[in-house]
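Right, one structure below, let's go through it.
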Amino acid sequence: MTTTTSTTVARKPLDWRRLALHAGCLAALLVMLYPLAWLLATSLKPANEVIASLNLLPGKLEWSNYKTALDGVNDVSVTRLLTNSLLIAGGAVVGNVISCSLAAYAFARLRFRFRGPLFAFMIATIMLPHHAVLIPQYIIFNQLGMVNTYWPLILPKFLATEAFFVFLIVQFMRGLPRELEEAARIDGCGPFRSFFSVILPLTRPALITTAIFTFIWTWNDFFTQLIYLFSPEKFTLTLALRSFVDASSTSAFGPMFAMSVIALLPIVLFFLAFQRFLVEGMANSGIKG
Amino acid sequence: MTTTQTKAAVRPQADVPKKPVRRRREGAAWVFLSPWVLGACVLTLLPMAVSLYLSFTDYDLFNAPNWVGLRNYTQMFTEDPRYWRSVGATLTYVVIAVPLQLGLALAVALALKTMRRGRAFYRSAFYAPSLLGASMSIALVWRAIFNDGGTVDNLFGTGGWVNKPGWALFAVALLTVWQFGAPMVIFLAGLQQIPGELYEAAEVDGASRWRQFLSITVPMLSPVIFFNLVLQTIQAFQVFTPAFAVSAGKGGPADSTLFYTLYLYDRGFVASHMGYASAMAWVLLIAIGAVTAVLFRTSRSWVFYASEGDR
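Residue numbers (numbering that gives the first Met the number 0), protein chains in the order written: chain A, 0 to 288; chain P, 0 to 310.
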């Protein structure tokens with residue numbers, strides 16, 4: 000009898016604490032989601048409502064904002080901008096997955112001279128500020144006549160320049176049992192066969208993480224696109240949004256934010272579809288580092 | 000197939016085939032590494048060397064570089080007030096944004112750790128802004144919310160932050176804080192690795208929660224705190240998009256959001272002073288290297304590696 004009363008007494012304050020915790024988290028979540036709600040609401044507001052009212056909900060849904068946004072910017076349609084963005088992000092994904100997994104396999108599993116120093120160098124390049132190499136890279140691509148093409152945005156990804164992903168895949172491959180390759184070697188597999196038929200299929204989770212992060216980061220990238228692309232018909236969604244930056248009048252607000260919503264949509268969809276990979280991938284990057 | 004079988008049969012008697020096999024494996028390693036080696040040489044090492052050279056020249060992309068010695072550096076350090084304003088803005092931003100972001104990330108991770116139901120949901124939901132926050136879309140939203148007549152102005156009556164020199168930087172810093180999800184996820188993963196027995200033992204000894212936090216959580220989590228601190232600091236030094244959007248690419252008002260990268264872009268790609276911009280890039284590289292080195296140096300006194308304690 001006494002034990003049951005003591006447990007109920009002990010449990011009660013605990014429930015309050017948990018309730019407060021949930022209430023706090025929920026409140027924080029609402030604050031955090033506010034900018035997104037604001038974006039969605041503003042994309043549907045008529046011009047005169049944007050600044051005038053604090054009311055988040057539009058008085059009248061102005062779908063024409065989206066119609067205007069679909070016409071695009073500088074006579075380039077949104078479909079074109081979307082295709083350009085997809086092309087760059089897609090190319091970057093393919094490049095990163097191929098080149099980073101190749102390099103990662105060598106670092107994780109093969110023996111070669113200077114492996115230690117090269118690995119340390121690779122890790123150091125994760126911290127290298129992009130701006131230190133940017134200007135000469137620009138000059139190189141300029142010499143090659145590649146400025147205002149997509150090559151400067153895609154080609155580096157095929158050369159495993161994003162060391163973060165090499166590191167991510169190395170960490171994953173180190174976790175795979177070595178017996179697998181030894182078995183493959185006894186069966187007569189060389190390093191290439193065992194990479195393609197044994198290791199690569201098992202590395203799939205890390206490759207998916209690499210692919211999704213590459214897609215999202217390339218999609219959001221602004222700086223590189225800003226310096227390399229200048230013809231409006233080659234612009235991406237991000238660059239097209241940029242042309243709104245200079246316009247300070249609020250009359251363009253509706254279409255501008257409608258286009259912003261369109262630009263965020265792929266990321267939101269990717270997040271909803273792959274959130275487990277993204278969260279786990281991020282979590283693992285820190286633990287083993 | 001038959002050759003490998005005979006090789007396997009021969010191996011126990013003679014060690015002859017071993018060496019060529021190893022050499023072939025070494026060759027294979029270089030094949031796997033070749034894209035990375037090419038990238039490291041052509042897109043990292045060579046550019047670094049070239050930009051070091053260019054930093055001692057006057058170069059506008061069209062005419063051949065003209066050697067000017069240390070002039071870019073002396074001009075930068077002694078004659079360019081905008082340069083120092085950009086250094087000031089960047090440092091202020093790093094010092095405000097990184098501790099706030101990591102503090103919030105740690106607090107939320109600690110809260111979520113004790114949660115039994117809903118943890119996965121909150122973890123994902125809080126993480127989402129880290130993916131969206133770097134985009135131009137959100138930067139534009141930020142500018143509108145913190146502008147005159149925007150939400151913040153209406154709520155607090157402070158006027159728009161992005162038009163006030165003292166406040167604009169803070170609006171950008173809040174955008175960084177908003178993206179606390181990525182370090183939070185890393186903190187949470189770190190917290191879950193701390194063995195529960197440590198807390199049970201402390202409980203038995205009558206340690207308060209605060210005491211447990213200071214004596215167990217902080218030291219056990221210190222490698223993860225360190226990792227996040229280094230990573231977020233390096234990233235904060237390189238922020239570009241929100242400052243560009245908030246100030247229409249100009250770093251205003253009164254150069255208060257003229258981040259280092261923004262000024263570098265302005266000098267190099269708007270004003271075509273590639274030599275000057277290269278000098279700026281090298282100073283940034285050295286500064287980030289120095290900050291990282293200092294962080295690593297101080298880490299010896301406060302970062303605790305469990306495996307070292309065993310020895």
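Every residue, glycine too, gets a C-beta built ideally from N, C-alpha and C. Note that the structure is a prediction, hence the values are computed from the model and not measured.
query                                                                                                                                       : result
Min CB distance Glu202 of chain P to chain A below 7 Å                                                                                      : no
Near-chain A residues of the region 67-94 of chain P - C-beta to any C-beta below 8 Å                                                       : none
Within-7 Å CB hit, Thr237 of chain A to chain P                                                                                             : yes
Residue environment, Val30 of chain P, which counts as buried when at least 16 other CB atoms sit within 10 Å                               : exposed
Segment limits, alpha helix (DSSP H) that includes Ile205 of chain A                                                                        : A small correction: the amino acid at residue 205 of chain A is Ala; Ile does not occupy that position in the sequence shown. Residues 203-219.
Given Ala143 of chain P as reference, the closest of A:Ile185, A:Phe252, A:Leu32 once Cα atoms are compared                                 : A:Phe252
Reference Ser42 of chain A, options A:Ile207, A:Val260, A:Cys188, A:Glu181, closest by Cα                                                   : A:Val260
7 Å Cβ cutoff, Gln274 of chain A in contact with chain P                                                                                    : yes
Given Trp301 of chain P as reference, the closest of P:Val282, P:Ala270, P:Thr216, P:Pro252 once Cα atoms are compared                      : P:Thr216
Leu130 of chain P vs Ile266 of chain A beta-carbon contact at 7 Å                                                                           : yes
Asn62 of chain P (DSSP reduced to helix, strand or coil)                                                                                    : coil
Contacts around Asn73 of chain A, its chain only, beta-carbon distance under 8 Å, and the 5 residues preceding and following it disregarded : Pro231, Phe234, Ala239, Ser242
Pro84 of chain A versus Leu236 of chain A: straight-line alpha-carbon distance, rounded                                                     : At residue 84 of chain A the sequence reads Ser, which differs from the Pro that was named. Going by the C-alpha atoms only, they are around 6 Å apart.
Whether Val107 of chain P touches Met47 of chain P by CB criterion (7 Å)                                                                    : no
Whole-number beta carbon distance between Ala205 of chain A and Leu167 of chain A, since they are thought to touch under 8 Å                : 6 Å
Sequence-distant residues of the same chain with beta carbon closer than 7 Å to Gly267 of chain P, five excluded per side                   : Met273, Ala276
Pair within 7 Å by beta-carbon distance, Gly180 of chain P and Phe145 of chain P                                                            : no
7 Å Cβ cutoff, Ser134 of chain P in contact with chain A                                                                                    : yes
Distance, Gly156 of chain P Cα to Phe164 of chain A Cα                                                                                      : 45 Å
Val290 of chain P at chain A interface by Cβ criterion, 7 Å                                                                                 : no
Partner residues on chain P for Gly23 of chain A, Cβ-Cβ distance less than 9 Å                                                              : Ala110
As assigned by DSSP and simplified to three states, the class of Asp57 of chain P                                                           : strand
Three-state class that DSSP yields for Val36 of chain P in the structure shown                                                              : helix
Nearest residue (CA-CA) to Phe212 of chain A, options A:Phe195, A:His129, A:Leu264, A:Met281                                                : A:Met281
Ser246 of chain P beta carbon less than 7 Å from that of Thr256 of chain P                                                                  : yes
Per-residue DSSP class, three states only, for Val72 of chain A                                                                             : strand
Proximal residues to Ile125 of chain A (C-beta, below 6 Å), its chain only, five neighbours per side dropped                                : Ala162, Phe163
C-alpha distance - Met279 of chain P paired with Leu268 of chain A, whole-angstrom precision                                                : 39 Å
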